[in-house]
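Residue numbers (this note's numbering): 5 to 561.
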């Protein structure tokens, strides 16, 4: 029988739908009292407790149920994190977003596990002892899967040994729980300073013996070795007779990864089953310790990358600001020379002055892009949101580029849907986005072709988008004003579409090399649109043209 304790109807329907179709019994309790009533008349094989329920105290329920029935299998429905105490009280977990097939497999696996354990426990005392060890290994393995903290993994291993082997003392030399090697002592009784010195020397010698005079992974000094003690009954004290106890020793390692070693003492002899359990726990913890080590490396690497990204942004911002001042002086000087206020300018010199002024303007645009990007990434870009219609932005950008397009032999037009709903936006930033898209279209469209700015109302569910931009679509919901800049230019290959909005990226072809640029315009446009809670993407085919689209949510009022 399976008992589900939950007050969430959707979870009851999901799990009930799985097991109502089966021959086994399935019961639901939406509160604690109902759960206890069911326990009074039957003994469930598996009890599933929904920790995300609004009115249930999972810890209290588990403790109460453990006093009602013998050895049930507890499975918790969890989100991401769970209390350490709950980990110790339960057998397995079902995550919130787990599919019905995986839920059924997990529950059936636990059912099979319990039935196997019951059969073994009914055979004889020896088999019952083995069963208890297996159950401890299973529970400890579940605990190993619940954390990526090295210190917690070592503690779970020691707790598992305590449950299954009832040791007198464990000595764990760990290289993964502190910045320096540390000796973790878990002892029934207090240890004198003299005995402690002997234990430290013993564990270091055992460690060195593992490598047969080869190079050690870590250098360890017994005299200065840090010790962390956990004593259960400090009123009593061990003597040197401890070294006459039965003992076992094992490395904690996986391949080339060495995490430490452990020695365990017990005042009664260890059995062969004890030795298997001890070795298994020492081996089982190695894989999650490796994962924890990799996770820590990734965290540290990400932290360094974040620092580098911040330094890069600060550097770009500082350099850009520093370039602006001399660039302004150069521009003013060129304007004065070109105006003739310093004397007549020869025709040959005028040509060079014009060239210099054009490149100063280009450099100024690059610096502005760098500054905008650094402001956006630092969250310092100023926005002035207001209720507005998109037509004013389209009309302004179209009139700005009309002559530029004509000079290149291009036909720039607008196809606008009249009376579009208003949006909440910063007009200046939207002009910046559309200016960038139209400017790019003019750059990459050959003479004699068309460029069209389009606008329309669209629902998020009706947007047809390329697979590489599917993540953009997931964020959308409701009605949007959509703006498209459609050209008949060189286009972009399918495999390069996803890179179109990457910083400093330019799609490699002869025309892109000719027109140049920083590759910052589209990333800036993407950041600005996302700040407006919209999305931007592109559609393109080589030599057929491109369509750069963005959507902005319709104002609710």
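Positions of the beta carbon are idealized from the N, C-alpha and C atoms, including for glycine.
Distances from the alpha-carbon of residue 226 to those of 244, 220, 243 and 201 put 201 closest.
A Cβ-Cβ separation of about 5 Å places residue 77 in contact with residue 95 under the 8 Å criterion. Nearest to residue 74 by C-alpha distance, out of 86, 49 and 54, is 49. The Cβ atoms of residue 56 and residue 100 sit closer than 8 Å to each other. For the stretch 82-129, the continuous alpha helix (DSSP H) assignments of 4+ residues that do not extend past its boundaries occur at 88-93 and 104-125, in sequence order.
In the DSSP assignment, the residues bridged to residue 484 are 462 and 557. Cβ neighbours of residue 286 within its own chain (closer than 8 Å, five residues either side excluded): 161, 254, 255, 256 and 266. When DSSP states are grouped into helix, strand and coil, residue 47 belongs to the coil group.
Assigned with DSSP and collapsed to three states, residue 191 falls in strand. Here the alpha carbon of residue 472 sits roughly 9 Å from the alpha carbon of residue 499. Among the bridge pairs identified by DSSP, residue 9 is matched with 33 and 53. Looking at the backbone, the Cα of residue 380 and that of residue 232 are separated by about 48 Å. When the beta-carbon positions are compared, residue 490 and residue 554 stay at least 8 Å from each other. About 6 Å separates the beta carbons of residue 185 and residue 229, which is inside the 8 Å limit, making them a contact pair.
In the three-state scheme derived from DSSP, where H, G and I count as helix and E and B as strand, residue 220 is classed as coil. Cα atoms of residue 157 and residue 299: separation of roughly 14 Å, rounded to the nearest angstrom. The DSSP-derived three-state label of residue 161 is helix. The beta carbon of residue 461 sits closer than 7 Å to the beta carbons of 421, 424, 425, 483 and 485 from its chain, once the five residues preceding and following it are set aside; these are given in chain order. Secondary-structure assignment with DSSP links residue 417 through a beta bridge to 456. For residue 237, the enclosing beta strand (DSSP E) has its first and last residue at 230-241. The beta carbon of residue 288 lies closer than 8 Å to those of 141, 144, 145, 148 and 161 in the same chain, with the five residues before and after it left out. Around the beta-carbon of residue 296, 16 or more other beta-carbon atoms lie within 10 Å, marking it buried. Per DSSP, residue 251 is not a residue of any alpha helix (DSSP H); the beta strand (DSSP E) it occupies stretches across 250-258.
C-alpha of residue 540 to C-alpha of residue 476: approximately 8 Å in a straight line. In the structure shown, the three-state DSSP call for residue 352 is helix.
In the structure shown, residue 502 adopts helical secondary structure according to DSSP, grouped into three states. Residue 269 sits in a strand when the DSSP states are folded into three classes. When beta bridges are read from the DSSP output, residue 390 appears opposite 429.
Between residue 278 and residue 138 a beta carbon distance of about 13 Å is seen, past the 8 Å cut, so the two are scored as non-contacting. In the DSSP assignment, residue 526 falls within the unbroken alpha helix (DSSP H) covering 525-535. One Cα belongs to residue 171, the other to residue 307, and the distance between them is close to 41 Å. In the structure shown, residue 545 falls within a strand segment according to DSSP collapsed to helix, strand and coil.
Distances from the alpha-carbon of residue 209 to those of 198, 527 and 223 put 223 closest. Taking each of 322, 538, 167 and 441 in turn and checking the Cα distance to residue 135, the smallest one comes out for 167.
Using a Cβ distance threshold of 8 Å, residue 42 and residue 79 do not count as a contacting pair. Comparing alpha carbon positions, the residue from 72, 497, 531 and 560 closest to residue 549 is 497.
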